[in-house]
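Quick note: the sequence shown uses our numbering, first residue -13, plus one each step.
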Amino acid sequence: MDAVSLVSQLGGFLYTVGSFVVVLSIIVAVHEYGHYIVGRWCGIHPEVFSLGFGPVLASRVDKRGTRWQLAAFPLGGFVKFLGDADAASGKDAGAISAAETDPELLRKTMHGAPLWARAATVAAGPIFNFILAIVIFTGVNLSRGQMQEPLAVGSIKDLPAEGYTLEPGDEILAVAGIETPDFSDGVAWRAFEGSVPVEKILDYRVARDGNEMVARGPYLMPSIVTGVAPRSAASDAGLREGDVIVAVDDAEIFAFSQLKERVEEGEGAPLSLTVWNAGETRELILSPRRTDEPTADGGFQTNWRIGIAGGLAFEPARESVSPWLAVGQGAAQVWRMIEQSLSGLKHMITGQISTCNLSGPVAIAEMSGTLASQGAVNFIWLIAALSTGIGLLNLFPVPVLDGGHLVFFAYEAITGRPPNDRAMQVLMMIGLTMILGLMLFSVSNDLLFC
């Protein structure tokens, strides 16, 4: 390996690690700030707000007596409240015992505060993660807008030239004689896509400058790459956004459906792709991988995939959306992610899909680096997706996690007394063991088996 290659690989590694640290730090900071600010609002005193674990690199104490610190290992964080023995909010028996003689001081501890205050403080972390995701998705929706109805051409994508006469600004009335439905009507649009004849050049009936006319254009869904999934066959082979796949195993293709058919027929066999981009062609070889994909009915289906997304032959014209609609769309995106995550977990537990779908920190770091290199929108989308996932994970009823504490609070609400301290310690150890086991399993997926 020459020096240039070594420097290049080292630079790529540092870029991946740096991207991962940025993503994780943002999500953890928001999560822990949720605990901190809601706890403060509820009258519980936060003693330490730490971003990271291990040796403290820098710290300061604010006017309220809270120490804000940056620690050496940026793989998490914590808020330690008055009366906590550790970052997991274990009870400091000595501090609580000393505070019992001072009701006002006891009220400021995590373990002496009313049940509602403790529950709100614990639940705030995951809730802030969901809020972060909604805010990001809302911002993306506001910046991108929505597809104009009726469908119109914003810009023509760079495809191998065939004498097309379709132009930006054209309003698409029909394709190959088939009336164009509203894109927002998913069922009608999918039926429309399926009925368009698979021909390299199609007649588009368009409205242009107030007149109706017929323009020649490419197949509606060409074999163009509009997105590349991290850790996929396409990513490993070097496919990138804007590539047009013009042949598979020397057989010409022009439609995304043709590419999909070739990939599925091969059942994982290596494929030779001829790729066109900006007038230049190159050859790539890749092997499709089995992928578990969510279905409309909430289940999963295993297919052979190379890890790319397709799209229309042109960028649709877009129009702005109202803030309220953008917020609603953002909340709906978060809810869909939660539903798909829970469905995926259920199907992994029942053995209907592979546990290889469980990614660990190595895979997440690789995704961070890949999506960061694909642009700001993809990168902040990843932050929103991971924030949703971390918020959901923390609500699982596992001791040590926020969901476990909420279960303990529910027990206290029902029985009128908190769980026994000794039982709490045992349950916390069990929960910690479960989390460490899950982490080791996910890392093994990243490195060894998947």
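Note that beta-carbon positions come from the ideal geometry of N, C-alpha and C, so glycine has one too.
Note that the coordinates shown come from a computational prediction; the quantities given were computed from them, not determined experimentally.
Taking a 10 Å sphere around the C-beta of TYR205, we find 16 or more other C-beta atoms and assign the residue as buried.
For PHE169, there is no enclosing beta strand (DSSP E), as DSSP marks it with neither H nor E.
Sequence-distant partners of GLN319 (beyond 5 residues in either direction) whose C-beta falls short of 7 Å from its own C-beta, in its chain, are PHE123. For the options VAL384, LEU426 and LEU381, the alpha carbon positioned closest to that of VAL348 is the one of LEU426. Residue state for ASP278 is assigned as strand, using DSSP reduced to three classes.
Look at GLY80 here: in three-state DSSP terms it is helix.
LEU418 and VAL182 have their alpha carbons spaced roughly 55 Å apart. In terms of Cα proximity to GLU251, the closest of TRP290, LEU387 and PRO41 is TRP290. Here PHE35 carries a strand assignment [DSSP, helix/strand/coil].
Around the C-beta of ALA409, fewer than 16 other C-beta atoms lie within 10 Å, and the residue is accordingly described as exposed.
Fewer than three beta-carbon pairs drawn from the region 152 to 170 and the region 395 to 405 are found closer than 8 Å, and the two stretches are therefore not classed as touching.
Burial check for ARG104: the Cβ neighbour count within 10 Å reaches 16 or more, so the residue is buried. Your pair ARG202 and LEU159 does not check out as a contact, with CB atoms roughly 15 Å apart and the cut at 8 Å. A direct Cα-Cα distance of roughly 11 Å separates GLU305 from ALA138. It is roughly 5 Å from the alpha-carbon of ALA110 to the alpha-carbon of HIS21. For ASN289, the three-state secondary structure derived from DSSP is strand. Assignment of alpha helix (DSSP H) within the region 65 to 148, counting only whole runs of 4 or more residues, yields 79 to 85, 89 to 93 and 101 to 130 in chain order. In the displayed model, MET199 falls within a strand according to three-state DSSP.
Minimum Cα-Cα distance from GLY228 among the listed residues THR374, ILE294 and ALA58 corresponds to ILE294. Rounded to whole angstroms, the separation of the alpha carbons of GLU157 and GLU198 is 9 Å. The beta strand (DSSP E) runs of length 3 or more contained entirely in the region 236 to 282 are, from start to end of the chain, 257 to 263, 266 to 272 and 275 to 280. By a beta-carbon distance limit of 8 Å, ILE292 contacts SER218. Their separation comes to about 7 Å. By the 16-neighbour rule on beta-carbons within 10 angstroms, SER258 is exposed. Judged by pairs of C-beta atoms under 8 Å, the region 219 to 226 does not touch the region 301 to 315, as fewer than three such pairs exist. Ranked by how close their Cα comes to the Cα of ALA73, the residues GLY80, ALA79 and VAL65 have VAL65 in first place.
Cβ contact annotation for ALA44 (same chain, cutoff 6 Å, sequence separation greater than five): LEU56, in chain order.
Around the Cβ of VAL47, a 10 Å sphere holds fewer than 16 other Cβ atoms; the residue is exposed. For PHE382, the secondary structure class from DSSP, reduced to helix, strand or coil, is coil.
Between SER373 and ALA119, the CB-CB gap stays under 8 Å. Remark: C-beta atoms of ASP388 and PRO100 do not approach each other more closely than 8 Å.
Taken through DSSP and simplified to helix, strand or coil, ARG50 comes out as coil. Under the three-state reduction of DSSP, ASP156 is assigned to coil, being neither helix nor strand. By the neighbour-count criterion, in which a residue is buried when 16 or more other Cβ atoms sit within 10 angstroms of its Cβ, PRO256 is exposed. In this structure, the alpha-carbon of ILE335 lies about 49 Å from that of ASP88.
Where ARG403 is concerned, there is no enclosing alpha helix (DSSP H), because DSSP gives it neither an H nor an E.
Using a Cβ distance threshold of 8 Å, GLU301 and GLY140 count as a contacting pair.
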